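Asker: Please see the structure below; I have some questions.
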Amino acid sequence: MRFPTFLKSLLLGVPVGVTLLDCVGYVARVEGVSMQPALNPDATVTDYVFLSRWAVRNMDVQRGDIISLISPKDPTQKIIKRVVALQGDVISTLGYKLPYVTVPEGHCWVEGDHTGNSLDSNTFGPVSLGLTLTEKPYTLRYAPKDVKEQESKVISTNRKDAKAIAVAKLQAGEVIAIPTDTVYGLTCSANNPEAIHRLYNIKGRHQLKPVAICVASIEDVRQWGETDHLNDELLGELFPGAVTLVVRRSSKLNNPALNPGVANIGIRITENKFIQHVCEAFQQPIALTSANKSSSKSTLNVEEFKELWGELGAVFDGGQLGLSEEQRAASTVIDLSEPERYKIIRWGVSVEKIIETVERHNFREAL
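Residues -21 to -1, 1 to 346, numbered by mature numbering (1 follows the signal peptide of the UniProt record, and there is no 0), are exactly what the sequence shown covers, in order.
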């Protein structure tokens, strides 16, 4: 069993240490598979977690946090889940009696990471924040993991079998980290509803905030987006590159969990050869977002998102992607969903060159 040395010292030390531990938080054993792979990643290992009192006392519960709470189904049971949505958020549910739910005031929506193997809000609905304030249901701020196990997930993109491992992880519905031509990204199969749900949970991303897809070729762009009004010359000048092209989504891109209610889709073909080769081999679009917690800065090396490793199927290390803060800029997002009109949704890398390219093809800025 994995039990960190410093926690052993606190538990076995002098009474002052025990008192300090009780004031700050407490240690709990995690049982079951509902939070895999973040906790109890396999049947042979049991995780212990340190549950902090302070975050919940201060009502500092955020999307993506793992919390302990009283089960709404059984008040004698304490459960550990991830906060997916907060009051006012609209959530796309999995198996709940309603397909969409607006989280009411004073509540949150919680889920297990192991979709389909968790008793959570998809069964009992929104949870009162009051259930996180009784006895000892405190926000999880530390989940000790075995260092060697975490580091074994890091795979160099130069390894001969790296591409095959990445494709296998995507086929299995796992979320992986991968280098792009701008920053590191989190990715999963765009056509797998459970994988998309897991991606949002890991990132702590608002459920209604869209993610882009990444493909291997212009033919793929045309398959998954409606691009009849865009000629091959224009697409060839934009791709591959640090641009996200927003067009109407194709009827073939019919995963209900992928950007529900959004008619458009952002599509990328990156200049990074590793992700290109993975997309070619996977033969399906992959969902792509930056490898960081929502609202945190983007990452240029794998160490910068190390806190996410335990929740990922694999981390593909392509080395340092840049040295300056300016290189953290993400791709430029441009909307070309309407003929001869463009709109810059996000100013990013090479935005001036992208504008010059589309204007040369008779596109004008939408007013």
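Backbone N, C-alpha and C fix where the C-beta goes; we use that ideal spot for every residue, glycine too.
Please read all numbers here as calculations on a predicted model, not as lab measurements.
1. If you run the structure through DSSP and keep just helix, strand and coil, what is Gly164?
2. Looking at Phe103 and Pro54, is the spacing between their C-beta atoms short of 9 Å?
3. Can you give me the start and stop residues for the beta strand (DSSP E) that Gly245 sits inside?
4. With H, G and I counted as helix, E and B as strand and the rest as coil, what does DSSP make of Gly204?
5. Beta-carbon within less than 8 Å of Glu250's beta-carbon, same chain only, minus the 5 sequence neighbours each way: which residues are those?
6. Could you pull out every residue in the same chain whose Cβ sits closer than 6 Å to the Cβ of Thr336, ignoring the five residues on either side in sequence?
7. Does DSSP put Arg177 in a helix, in a strand, or in coil?
8. Should Gln56 go down as buried or exposed, given a rule of 16 or more other Cβ atoms within 10 Å for buried?
9. So, with DSSP's three-state summary, where would you put Asp140?
10. Whole angstroms are fine: how far does the CA of Ser310 sit from the CA of Thr223?
11. Does DSSP classify Arg184 as helix, strand or coil?
12. Assuming Thr59 and Met14 are in contact, meaning their beta carbons sit under 8 Å apart, how far apart are those beta carbons, in whole angstroms?
13. Looking at Arg42 and Ser273, is the spacing between their C-beta atoms short of 9 Å?
14. Please state the DSSP three-state secondary structure of Glu335.
15. According to DSSP, simplified to helix, strand and coil, what is Phe295?
16. Can you look up Lys285 in the DSSP assignment and give me helix, strand or coil?
17. For Gln255, I'd like the list of residues in its chain whose CB is within less than 8 Å of its CB, leaving aside the five on either flank, ordered along the chain.
18. Who does Tyr79 pair with in a DSSP beta bridge?
19. Is the Cβ-Cβ distance between Asp296 and Asn180 less than 9 Å?
Answerer: Result, derived from the coordinates:
1. strand
2. no
3. 243 to 247
4. strand
5. Asp160, Pro219, Gly220, Ala221
6. Glu216
7. helix
8. exposed
9. coil
10. 6 Å
11. coil
12. For the sequence presented, residue 59 should be read as Ile rather than Thr. That pair is a contact at about 6 Å.
13. yes
14. helix
15. strand
16. helix
17. Ala195, Pro219, Ile248, Thr249
18. Ser71
19. no
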